[in-house]
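First comes the structure, then the notes that go with it.
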Ligand code: 5GP
Ligand code: ZN
């Protein structure tokens, strides 16, 4: 990891850190970036080149896994066309974990967008919830 950088396009944004090996950005102050870097412990469920998955600290179902892109970006609202692939990868990783856990009879992937929907961590994440009956509509 190099020194904190300011985005050239959005210099007022919080500094990012660029990994010169992967070209990926990481926010030094972001909770989930810190989990990816191992600075904050987590129960890792899955990892590949692009995504990282770990147990939610406050599980709302027998399976409650968070799947996140390794590259920092704040959420779906901020996503661009070039983020389509990583958003898909997060969902496919969630589907793979659900298959491994044999909860395919019924599970839910959720992306909370903005404080009004309960988003509290501003690093895009897909919740994978399953292992119990899930009601509809969600609260
Ligand atoms: P949001 O509310 O932004 O959609 O989801 C954030 C999730 O992150 C919450 O479900 C919350 O329980 C989880 N979370 C917050 N802090 C931590 C942490 O330090 N470790 C883990 N594993 N999960 C966390
Ligand atoms: Zn982050």
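Residue numbers (my numbering): -13 to 125.
Cβ coordinates follow ideal geometry from the N, Cα and C atoms, glycine included.
Per-residue DSSP class, three states only, for residue i
i: residue 75; result: helix
i: residue 152; result: The question about residue 152 has no answer here: the residues shown for the chain are numbered -13 through 125.
i: residue 40; result: strand
i: residue 33; result: strand
i: residue 57; result: coil
i: residue 23; result: coil
i: residue 101; result: helix
Per-residue burial, residue i [other beta carbons within 10 Å of its own, 16 or more giving buried]
i: residue 29; result: exposed
i: residue 57; result: buried
i: residue 27; result: exposed
i: residue 80; result: buried
i: residue 116; result: buried
i: residue 121; result: exposed
i: residue 55; result: buried
i: residue 114; result: buried
i: residue 78; result: exposed
Residue i - partner residues in DSSP beta bridges
i: residue 116; result: 49, 93
Three or more C-beta pairs below 8 angstroms linking the segment 83 to 92 and the segment 57 to 66
Result no; under three Cβ-Cβ pairs closer than 8 angstroms.
Could you say if the segment 35 to 44 and the segment 90 to 110 meet the contact criterion of at least three C-beta pairs nearer than 8 angstroms?
no
Looking at C-beta atoms only, is the number of pairs between the segment 13 to 23 and the segment 107 to 115 that lie closer than 8 angstroms three or more?
yes
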